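Undergrad:
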Amino acid sequence: MKENKSEKPNRREFLLSCSKAIPLTGALFFPLSAARLLLAQESGDYDPTVHNYGMGIDIHKCIGCGRCAAACKTENNVPLEPHYFRTWVERYVLPSEGEALVDSPNGGIDGFPEMNEDIDTLRSFFVPKLCNHCTNAPCVQVCPVGATFITRDGVVLVDEKYCVGCRYCIQACPYGARFLHPEKKVADKCTFCYHRLAKGLLPACVEVCPTQARVFGEVGQQSSPLRRFLRFNDVIVLKSSLNTLPKVYYAGADGEVR
Amino acid sequence: MESMIASAVSALQDFTGYIYPNEYELHWELLIVVYPYLTGLVAGAFILASLERVFNVKELQPVYRLSLLSALAFLFVAPLPLLAHLGHPERSLEMFLTPHTKSAMAMFGFVYAWYLMVVLLLEIWFDYRKSMVIWSREKKGMMGFIYRILTLGATDISESSLRFDDKVGKAITIIGIPSAFLLHGYVGFIFGSIKANPWWSSVLMPIVFLFSAIVSGIALILALYMITTMFRFKEISMPCLNKLAELLIYAMIVDFSLELLDFIQRLYESEESINILSHMISSRLFISLIISQIILGSLVPMISLIWARFGRLPVEMRRIVYFIAALLVQVGIFSTRWNVVIGGQLFSKSLRGLTVYKIELFGFEGLLTTCFFLLLPFAILYVLTKLLPPWIIDEKDIKPAEAQVS
Numbered sequence: 001m002k003e004n005k006s007e008k009p010n011r012r013e014f015l016l017s018c019s020k021a022i023p024l025t026g027a028l029f030f031p032l033s034a035a036r037l038l039l040a041q042e043s044g045d046y047d048p049t050v051h052n053y054g055m056g057i058d059i060h061k062c063i064g065c066g067r068c069a070a071a072c073k074t075e076n077n078v079p080l081e082p083h084y085f086r087t088w089v090e091r092y093v094l095p096s097e098g099e100a101l102v103d104s105p106n107g108g109i110d111g112f113p114e115m116n117e118d119i120d121t122l123r124s125f126f127v128p129k130l131c132n133h134c135t136n137a138p139c140v141q142v143c144p145v146g147a148t149f150i151t152r153d154g155v156v157l158v159d160e161k162y163c164v165g166c167r168y169c170i171q172a173c174p175y176g177a178r179f180l181h182p183e184k185k186v187a188d189k190c191t192f193c194y195h196r197l198a199k200g201l202l203p204a205c206v207e208v209c210p211t212q213a214r215v216f217g218e219v220g221q222q223s224s225p226l227r228r229f230l231r232f233n234d235v236i237v238l239k240s241s242l243n244t245l246p247k248v249y250y251a252g253a254d255g256e257v258r
Numbered sequence: 001m002e003s004m005i006a007s008a009v010s011a012l013q014d015f016t017g018y019i020y021p022n023e024y025e026l027h028w029e030l031l032i033v034v035y036p037y038l039t040g041l042v043a044g045a046f047i048l049a050s051l052e053r054v055f056n057v058k059e060l061q062p063v064y065r066l067s068l069l070s071a072l073a074f075l076f077v078a079p080l081p082l083l084a085h086l087g088h089p090e091r092s093l094e095m096f097l098t099p100h101t102k103s104a105m106a107m108f109g110f111v112y113a114w115y116l117m118v119v120l121l122l123e124i125w126f127d128y129r130k131s132m133v134i135w136s137r138e139k140k141g142m143m144g145f146i147y148r149i150l151t152l153g154a155t156d157i158s159e160s161s162l163r164f165d166d167k168v169g170k171a172i173t174i175i176g177i178p179s180a181f182l183l184h185g186y187v188g189f190i191f192g193s194i195k196a197n198p199w200w201s202s203v204l205m206p207i208v209f210l211f212s213a214i215v216s217g218i219a220l221i222l223a224l225y226m227i228t229t230m231f232r233f234k235e236i237s238m239p240c241l242n243k244l245a246e247l248l249i250y251a252m253i254v255d256f257s258l259e260l261l262d263f264i265q266r267l268y269e270s271e272e273s274i275n276i277l278s279h280m281i282s283s284r285l286f287i288s289l290i291i292s293q294i295i296l297g298s299l300v301p302m303i304s305l306i307w308a309r310f311g312r313l314p315v316e317m318r319r320i321v322y323f324i325a326a327l328l329v330q331v332g333i334f335s336t337r338w339n340v341v342i343g344g345q346l347f348s349k350s351l352r353g354l355t356v357y358k359i360e361l362f363g364f365e366g367l368l369t370t371c372f373f374l375l376l377p378f379a380i381l382y383v384l385t386k387l388l389p390p391w392i393i394d395e396k397d398i399k400p401a402e403a404q405v406s
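For the record, the sequence lines run as chains D and Z.
Under the numbering used here, the first residue of the first sequence carries the number 1, and numbering increases by one thereafter.
Under the numbering used here, the first residue of the second sequence carries the number 1, and numbering increases by one thereafter.
#1: Which residues does DSSP list as the beta-bridge partners of Leu329 (chain D)?
#2: With DSSP as the reference, please indicate the residues paired to Ile124 (chain D) in a beta bridge.
#3: Across which residues does DSSP place Val156 (chain D) in a beta bridge pair?
#4: Between Cys371 (chain Z) and His88 (chain Z), what straight-line distance do the alpha-carbon atoms span, to the nearest angstrom?
#5: Quick one: does His100 (chain Z) have its CB under 7 Å from some CB of chain D?
#6: I want to see whether chain Z comes within less than 7 Å of Val186 (chain D), judged by CB atoms only; does it?
#7: Under a Cβ-count criterion, where at least 16 other Cβ atoms within 10 Å of its own Cβ denotes burial, should Phe233 (chain Z) be classed as buried or exposed?
#8: At a CB distance below 7 Å, what residues from the segment 121-146 of chain D approach chain Z? Give them in sequence order.
#9: Give the range of the alpha helix (DSSP H) segment to which Glu59 (chain Z) is assigned.
#10: Quick one: what does DSSP say Met115 (chain D) is sitting in, helix, strand or coil?
#11: Note down, in chain order, all residues in the segment 70-89 of chain Z with a beta-carbon under 9 Å from any beta-carbon belonging to chain D.
#12: How close, in whole Å, do the beta carbons of Ala45 (chain Z) and Gly217 (chain Z) come, if the pair is a contact with beta carbons under 8 Å?
#13: Assuming Gly17 (chain Z) and Arg352 (chain Z) make a contact with CB atoms under 8 Å, what is their CB distance in whole Å?
#14: Please check the pair Pro81 (chain Z) and Phe373 (chain Z), which I expect to be a contact at CB under 8 Å, by giving their CB distance rounded to whole angstroms.
#15: To the nearest angstrom, how far is it from the Cα of Ala113 (chain Z) to the Cα of Trp200 (chain Z)?
#16: Could you tell me the alpha carbon to alpha carbon distance between Leu150 (chain Z) and Tyr128 (chain Z), rounded to whole angstroms?
#17: So, helix, strand or coil for Tyr250 (chain D), using DSSP?
#18: Just to confirm my understanding: we take Leu32 (chain D), look at its own chain, exclude 5 residues before and 5 after, and list those with CB closer than 7 Å. What are they?
#19: Return the CA-CA distance between Glu470 (chain Z) and Ile342 (chain Z), expressed in angstroms with no decimal places.
#20: Could you check what DSSP says for Lys73 (chain D) in three-state terms: helix, strand or coil?
#21: Looking only at its own chain, which residues have a Cβ that is under 6 Å from the Cβ of Pro198 (chain Z), when we skip the five neighbours before and after it?
#22: Cα separation between Trp28 (chain Z) and Gln345 (chain Z)?
#23: Is the beta carbon of Tyr322 (chain Z) less than 7 Å from the beta carbon of Ala213 (chain Z)?
#24: Counting only beta-carbon separations shorter than 7 Å, does Ala172 (chain D) have a partner in chain Z?
#25: Listed from N- to C-terminal order along the chain, which residues in the segment 68-94 of chain D have their beta-carbon within a distance smaller than 8 Å of any beta-carbon of chain Z?
#26: Do Gly176 (chain Z) and Leu435 (chain Z) come within 7 Å of each other at the CB atom, strictly closer than that value?
#27: Looking only at its chain, what residues have a beta carbon closer than 7 Å to the beta carbon of Tyr162 (chain D), apart from the 5 residues adjacent to it on each side?
#28: Is the CB of Phe179 (chain D) under 7 Å away from at least one CB in chain Z?
#29: Output the boundary residues of the alpha helix (DSSP H) element that contains Phe232 (chain D).
#30: Which runs of the alpha helix (DSSP H) at least 4 residues long sit entirely within the segment 108-163 of chain Z? Give them in chain order.
#31: Could you spell out where the alpha helix (DSSP H) holding Val215 (chain D) opens and where it closes?
#32: Apart from the five residues just before and just after Phe347 (chain Z), which ones in its own chain have a Cβ nearer than 6 Å to its Cβ?
#33: When the cut-off is 7 Å and only beta carbons count, does Ala40 (chain D) lie next to chain Z?
#34: If you measure from the beta carbon of Gly200 (chain D) to each beta carbon in chain Z, is any gap under 7 Å?
#35: Excluding the 5 residues flanking Phe76 (chain Z) on each side, which residues of the same chain have their C-beta closer than 6 Å to its C-beta?
#36: Which of the three DSSP states, helix, strand or coil, is assigned to Ala73 (chain Z)?
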């Protein structure tokens, strides 16, 4: 009888051992299901992995109105003082002889002053600038704590709750696109208006541009306006020799632009 | 808004050419000049100490312990300017807890910790263990208690255990030399690896940093040895001074040649940045680079050291020349750090304009804080020399060393 009992558990013992297994199974599966649930909550309908954002800028279309720079400051609460910009507009004046003259008073927000009439101007044009959201971003490489990172949808962001404010990233950016936020004391830069992207909206600078000089979209998708822009224009990226692989593409930019 | 623009316009008058709007403020200021300067002194002093230990340069015995203690005092202070400069110093530990392994700066924390814990503290402990055990027995009260704690309970000073100390000390020094090279070479790499900045981006940067560190370390110990001997009313060891001067000359020749090589290479390659860099050197950096670093900080001390060491000079005169040369070298090396750190931010990355740097007197990154960080290592060194007198051995050992040389 005893042997029987040890070989074949009765119903009561079977149920008891099953009840012991329940918490174990739960413990095994809970993290997985919880993680799934959390991920679903985080992303909502938005799936970052299918996106890879970039921007095209048509130099021929930019009229230097500076509305993009102003809209950026409003949208992103960028300090109004003249030396903090997430995006700005530069004016290039190429004289017949000599060095190009470049300026960007208050980032172009208040327009540009009249040029000296004595200059024999060959050509002049405006160049909007912003973070290039490089694929091979030097700022991401140098950040000692990983506060600067590339999102799965290809946007370079700064985690302001993590940034230690060492400013190594500002030194490493070849484009002058970063600054230290004077109040938050952390690195700050263009986010492609990431808070708007997740809602299906365009970045503020693209939204307000009266001439559609800025084109925003997917780098890889056929139907994207950016793809069309890249298809029909000869584009360059800034400081390509540094191999940062920028995702802001310039059409009609002169070799003087850097 | 108008007043803001007016103030910006008035500030603009000092700038030339075009600067990206975010570049008007310098991001690494005086404190970041101090940081490589202090780290350089650490590496230099340690390398000097290891010459005595590993390569048996007997003349340097009187400064062996002084070099170690100086290295430690300066190493304690070296990270402080970095910490003070951070926007969020309270988050600084994240560099150790969650480091970004691809970041040169994050990895520096580990190089620093390795150097402090494994190399310097251990070497000093093994070197002083016998003395500490003796002091813990001799001294009464608080000091005796402190020495007892410092011995960490290892009170065996038998012949065999002392031999073991010596062996381990030597092994640590052998590990210490590449570590010291790594420590300061790494500081050079932090700057040299920034490809965005043509003034910094150079493969020679770590090597130049290293040799300038050796130069500054030797000069520091030379000056410190002279000052401390004077205040202790002791006889100075001339063979030791002569050896220090000789080493200083050799290190300076290598350092100067490397910097010259870097300069010639840039000039000859004449890349896109050459115009703005030449403009910067001839205007913004003229005093700190041409006058302070090259003429006053390199050529004058180099020539006077050669003259004093190998010329026929009375001993008194020789000492004075050594001392002044050592001080000038410090001025020169500080200027070198200034020219790297500040110089690298005075030109725009658009390569079209120059900005200006005005030193603040007060404030966290001001002149006073800087002076504090420059003086603090000497205060720490004073305490260290009181706790662990580095001159115990010299009275006994100078004579044999002198005898050996003559």
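C-beta: ideal position from N, C-alpha, C; glycine also.
Predicted model only: the values in this text are computed from it and were never measured.
TA: Let me lay it out:
#1: An answer regarding residue 329 (chain D) cannot be provided, because it is not within the stretch 1 to 258 covered by chain D.
#2: Note on residue identity: the sequence assigns Ser, not Ile, to residue 124 (chain D). Answer is D:Val93.
#3: Bridge partners of Val156 (chain D): D:Ile150.
#4: 22 Å
#5: yes
#6: yes
#7: exposed
#8: Pro138, Gln141, Val142, Cys143, Pro144, Val145, Gly146
#9: Note, Glu59 (chain Z): premise wrong, no alpha helix (DSSP H); not H, not E.
#10: coil
#11: Leu82, His85, Leu86, Gly87, His88, Pro89
#12: The C-beta distance from Ala45 (chain Z) to Gly217 (chain Z) rounds to 4 Å, short enough to fall under 8 Å.
#13: 5 Å
#14: 5 Å
#15: The straight-line gap separating the alpha-carbon atoms of Ala113 (chain Z) and Trp200 (chain Z) is approximately 25 Å.
#16: 10 Å
#17: strand
#18: Summary for Leu32 (chain D): the model assigns pLDDT 47, below 50, so the residue's position carries little reliability, and this model does not support an answer.
#19: No answer is possible for residue 470 (chain Z): it lies beyond the span of chain Z, which begins at 1 and ends at 406.
#20: The DSSP-derived three-state label of Lys73 (chain D) is helix.
#21: Ser273
#22: 8 Å
#23: Taking 7 Å as the cut-off, the Cβ atoms of Tyr322 (chain Z) and Ala213 (chain Z) do not count as close.
#24: yes
#25: Sequence-ordered contacts of the segment 68-94 of chain D with chain Z read Leu80, Glu81, Pro82, His83, Tyr84, Phe85, Trp88, Glu90 [C-beta pairs closer than 8 Å].
#26: Nothing can be reported for residue 435 (chain Z): it is not among the residues displayed for chain Z, which extend from 1 to 406.
#27: Val145, Ala147
#28: yes
#29: 225-232
#30: 122-138, 141-150
#31: Segment 214-218 is the beta strand (DSSP E) holding Val215 (chain D); no alpha helix (DSSP H) there.
#32: Counting only Cβ-Cβ distances below 6 Å, and skipping sequence neighbours, we find Ile276, Met280, Leu354.
#33: Bear in mind that the predicted position of Ala40 (chain D) carries a pLDDT of just 42, short of 50, making it unreliable; the figure below should be weighed with that in mind. Chain Z contact via Cβ: absent.
#34: No, Gly200 (chain D) lies away from the interface with chain Z (no Cβ there is under 7 Å from its Cβ).
#35: Ile380
#36: helix
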